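Engineer: Here it is, the structure in full.
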Amino acid sequence: MLNSNLLRKLDMQDLMVFIAVYEQSSVTDVSETLCVSQSTVSYCLKKLRTSFEDELFINTRTGMRPTYKAGTMYGHVQKILESINLCHAGAPTFDPTRQAVTFNICAPEYFEQLVLPRLLKRFDFDDLPVMVNMHKFETDVPADELRDGSLDLVIGFGPNFHRSHTDLKSRMLLEDDLVCVFDKRATPLEPRLSLQAFTERRHVFPTPWTSTTNMVDGWLARQAQKRQIVARSNSYSAALKMITGTDFILTLPRRIQRLLTNEAVFNHCEAPNGLPGFTLDMQWSQAADQDSANVWLREQVIKVCSELEAA
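Residue numbers for the sequence shown follow the UniProt record's numbering, beginning at 1 and rising by one.
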């Protein structure tokens with residue numbers, strides 16, 4: 001806020017006149033430099049003197065001599081005009097071709113299998129010096145790491161699988177659903193499993209994050225049902241190996257099933273009616289919202305996910 005109401009009457013031209021008179025000591029020269037009339041320069045000087053309650057410049061035989069107060073003001077007024085120019089220019093735009101950059105992303109395996117390879121191929125095709133460090137998604141959204149800049153993006157599942165943080169920005173990237181995968185020799189005849197058949201089979205569970213709850217068991221609990229899990233794996237590929245040669249069932253995201261399963265070895269059928277799908281969501285901090293490098297990274301992720309949705 002301004003300390004004096006008198007300062008509200010000033011505009012940018014007044015400040016430009018102040019700097020020009022200080023540097024050139026001549027109203028005539030200032031008039032020519034700024035392409036304004038001498039009367040305009042005189043009017044600006046009058047406003048400046050009133051607003052700052054000081055003569056500022058004394059007319060002498062050798063030109064306009066600044067007062068002590070004008071001398072103390074000069075540097076500050078220069079910075080004001082420089083800041084205004086910076087505001088007009090805006091923040092520098094991130095150019096990935098001109099500087100090496102490392103991005104830190106926290107995401108589940110789903111993102112690493114499905115989105116990250118396509119993202120890296122984009123960077124490689126364009127010969128961009130971009131490196132991506134992946135961080136394992138643990139129990140909950142690492143909000144503090146987003147806020148302090150340790151992480152650039154957090155990718156997770158939704159909706160409502162994790163505690164929400166109102167100060168974080170978010171965007172839904174894509175939608176997916178779940179299918180049931182089997183060893184080909186143990187595939188059921190029906191194209192869609194009943195709830196009973198689903199719970200009677202023994203399950204291998206690939207854990208997408210460190211948690212005692214998940215979308216499948218949460219849904220089963222709401223149906224007053226539960227399943228028997230014989231193994232928990234750290235990855236989708238390991239889980240697929242675990243069901244090979246068995247009658248175990250593996251519930252996978254449809255996009256992962258299409259990506260990783262070999263049709264000569266595995267088969268699949270639809271999950272029981274009512275088993276909900278999920279979204280892949282992206283979160284970032286308020287501070288990173290207008291950061292040009294972060295904006296660029298988000299745009300690349302969104303483009304890849306849009307391609308996956310269209311496929």
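Glycine residues also receive a C-beta, built at the ideal position from the N, C-alpha and C atoms.
Predicted model, so just to flag it, every value in this text is computed and none were measured.
Please check the pair W284 and L173, which I expect to be a contact at CB under 8 Å, by giving their CB distance rounded to whole angstroms.
Structural biologist: Going by Cβ atoms, the distance from W284 to L173 rounds to 12 Å, so no, they are not a contact pair.
Engineer: Among all the DSSP beta bridges, which residues are the ones paired with R135?
Structural biologist: One detail in the question is off: residue 135 reads as His in this sequence, not Arg. Beta-bridge pairing links H135 to C106.
Engineer: For E270, would you say it is in contact with chain D, using Cβ-to-Cβ distances shorter than 8 Å as the test?
Structural biologist: You won't find chain D in this structure, because it holds only one protein chain.
Engineer: Just the Cα atoms here: how many angstroms apart are W296 and E55?
Structural biologist: Computed Cα separation, rounded: 51 Å.
Engineer: State yes or no: is the C-beta of P272 within less than 8 Å of the C-beta of F198?
Structural biologist: Yes, the pair counts as a contact, with Cβ atoms nearer than the cut-off.
Engineer: Would V101 and A293 be called neighbours here (beta carbons separated by less than 8 Å)?
Structural biologist: For V101 and A293, yes; Cβs fall inside 8 Å.
Engineer: Roughly how many angstroms lie between the CA atoms of K226 and F123, to the nearest whole one?
Structural biologist: Going from the Cα of K226 to the Cα of F123 covers about 44 Å.
Engineer: Need the endpoints of the alpha helix (DSSP H) that Q196 sits in, please.
Structural biologist: Residues 195-200.
Engineer: Please name the residue in P253, Q223, P159 whose C-alpha comes closest to that of S235.
Structural biologist: Among P253, Q223, P159, the Cα nearest to that of S235 belongs to P253.
Engineer: Need the endpoints of the alpha helix (DSSP H) that T97 sits in, please.
Structural biologist: Note, T97: premise wrong, no alpha helix (DSSP H); not H, not E.
Engineer: Please confirm if the region 19-34 is in contact with the region 57-65, defined as three or more CB-CB distances below 8 Å between the two stretches.
Structural biologist: Result yes; three or more Cβ-Cβ pairs closer than 8 Å.
Engineer: Among all the DSSP beta bridges, which residues are the ones paired with R232?
Structural biologist: In DSSP, R232 forms a bridge with F205.
Engineer: Would you mind giving the Cβ-Cβ distance between F137 and A186, rounded to the nearest angstrom? I have them listed as a contact below 8 Å.
Structural biologist: That pair is no contact at about 31 Å.
Engineer: With DSSP as the reference, identify every bridge partner of F182, one or two as the case may be.
Structural biologist: DSSP, once it has assigned bridges, lists N267 as partnering F182.
Engineer: What residue from L6, G156, R49, L119 has the CA that sits closest to H135's CA?
Structural biologist: Nearest option by C-alpha distance: G156.
Engineer: Could you pull the DSSP bridge partners for K226 from this structure?
Structural biologist: K226 is not bridged to any residue.
Engineer: Mapping DSSP to helix, strand and coil, what is V141?
Structural biologist: Of the three classes helix, strand and coil, the one that applies to V141 here is coil, per DSSP.
Engineer: What is the rounded straight-line gap between the Cα of Q257 and the Cα of E309?
Structural biologist: Going by the C-alpha atoms only, they are around 15 Å apart.
Engineer: If you follow the alpha helix (DSSP H) that K47 is in, where does it begin and where does it stop?
Structural biologist: Counting along the chain, the alpha helix (DSSP H) containing K47 begins and ends at 38-52.
Engineer: Can you tell me where the beta strand (DSSP E) with P66 in it begins and where it stops?
Structural biologist: P66 -> beta strand (DSSP E) spans 63-66.
Engineer: Measuring alpha carbon to alpha carbon, tell me which residue in K47, C180, V115, R222 is nearest V304.
Structural biologist: Looking at the Cα atoms, V115 is the closest of the given residues.
Engineer: Counting Cβ pairs closer than 8 Å, one from the region 124-131 and one from the region 265-280, do we hit at least three?
Structural biologist: In short, these stretches do not touch, since the Cβ pair count stays below three.
Engineer: Give the range of the beta strand (DSSP E) segment to which R171 is assigned.
Structural biologist: Run containing R171: 169-176, per the beta strand (DSSP E) assignment.
Engineer: Use the C-beta contact count for H88: other C-beta atoms within 10 angstroms, 16 or more gives buried, fewer gives exposed.
Structural biologist: So H88 counts as exposed.
Engineer: Quick check: what's the CA-CA separation for E112 versus L240?
Structural biologist: Between E112 and L240, the C-alpha separation is close to 17 Å.
Engineer: Within the same chain, show all residues whose beta-carbon is closer than 7 Å to that of L6, passing over the 5 residues directly before and after it, in chain order.
Structural biologist: Around L6: T50, S51.
Engineer: Starting from the Cα of K169, find the closest Cα among M282, R255, E190, S4 and give me that residue.
Structural biologist: Per the Cα distances, M282.
Engineer: Need the endpoints of the alpha helix (DSSP H) that L259 sits in, please.
Structural biologist: Note, L259: alpha helix (DSSP H), 254-260.
Engineer: Name the residue from L81, A20, F205 whose alpha carbon lies nearest to the alpha carbon of T33.
Structural biologist: Checked all of L81, A20, F205; the closest Cα to T33 is A20.
Engineer: Is the separation between the beta-carbon of V265 and that of T244 shorter than 8 Å?
Structural biologist: Going by C-beta atoms, V265 is nearer than 8 Å to T244.
Engineer: List the whole-angstrom C-beta distance separating D144 from Q286, where the pair is believed to meet the contact cut-off of C-beta under 8 Å.
Structural biologist: Not really, about 13 Å apart at Cβ, beyond 8 Å.
Engineer: Take the Cβ of E190 as the centre, count every other Cβ of all protein chains shown within 10 Å, and call the residue buried at 16 or more, exposed below.
Structural biologist: E190 comes out exposed.
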